[in-house]
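In UniProt numbering, the protein residues as written are 1 to 266.
Structure follows, in structure tokens:
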């Protein structure tokens, strides 16, 4: 009975790396005996003798073993460290390429959805959507931060810095502070960096991210005193261009005329 002790996560990893059950058994067997003939590997792995050559050739093709020519053929294991590093790089490259290709498809077709308005619930989903919208900006970014969730200011800063580096006109109107879990977070200090246009005003408890006058997310949340109640958060993700352009105009008007009281210079 095949009894090389490995946990399920190891078997799962080998499956992710593209190995079948027989191939996983065979590779595990070779990691224990290091080198062997087909007969020896078949015995340790309990892969049928009629299948073992096919399995071993497949493992060689996938880069898990090497074959030493001779009579009989010897099959040598490639060290797991080398195998996993190669597979890790291949998987990472494949995922990066797949993500890029699918993002192009997604962004080219999302505006064709008949009613491009969605409700989004929960702070984690809202913050992820904000970062996603920021990453799609090509020309302009408007952000209004009437409140923030825990850890959000730093995530916004990283995304906005990347946008500014790409030459995207980026501005943010924010409150001077917000209360998160009973702690006062000075938002301007957390999000500000060189090159960011920022104004600190006494704005309502509304959060907005708007890019290229084409797409926006407006978020709302209930409060207990000054404390944000994250579980009550909800956002409206909107891609009706006429509506987004109208909100963009309102934002620009607020920015130019400072309709709300200026609190401090960051």
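The beta carbon of each residue, even a glycine, is placed where N, CA and C say it ideally should be.
Answer yes or no: do residue i and residue j have a C-beta to C-beta separation smaller than 8 angstroms?
i: residue 216; j: residue 175; result: no
i: residue 32; j: residue 44; result: yes
i: residue 140; j: residue 168; result: yes
i: residue 145; j: residue 187; result: yes
i: residue 178; j: residue 220; result: no
i: residue 318; j: residue 180; result: Nothing can be reported for residue 318: it is not among the residues displayed for the chain, which extend from 1 to 266.
i: residue 130; j: residue 209; result: yes
i: residue 56; j: residue 26; result: yes
i: residue 75; j: residue 36; result: yes
i: residue 78; j: residue 65; result: yes
Looking at the structure shown, is residue i part of a helix, part of a strand, or coil, going by DSSP?
i: residue 149; result: coil
i: residue 39; result: helix
i: residue 124; result: helix
i: residue 10; result: helix
i: residue 246; result: helix
i: residue 28; result: helix
i: residue 98; result: helix
i: residue 218; result: strand
i: residue 157; result: helix
Sort the options by Cα distance to residue i and report the nearest one.
i: residue 252; options: 142, 9, 21, 46; result: 142
i: residue 192; options: 164, 104, 93, 71; result: 164
i: residue 80; options: 13, 103, 227, 204; result: 13
i: residue 103; options: 135, 9, 236; result: 135
i: residue 258; options: 92, 201, 240, 123; result: 201
i: residue 228; options: 183, 7, 260, 198; result: 183
Given residue i, which residues of its chain have a CB within under 7 angstroms of its CB, disregarding the five upstream and five downstream residues?
i: residue 157; result: 190, 191, 193
In chain order, what residues of the same chain lie with their CB nearer than 6 angstroms to the CB of residue i, ignoring the 5 residues before and after it?
i: residue 117; result: 238
i: residue 230; result: 123, 149
By Cβ distance below 8 angstroms, which residues in the same chain neighbour residue i in space, the five residues on each side in sequence not counted?
i: residue 160; result: 134, 141, 143, 170, 172, 191, 193, 196
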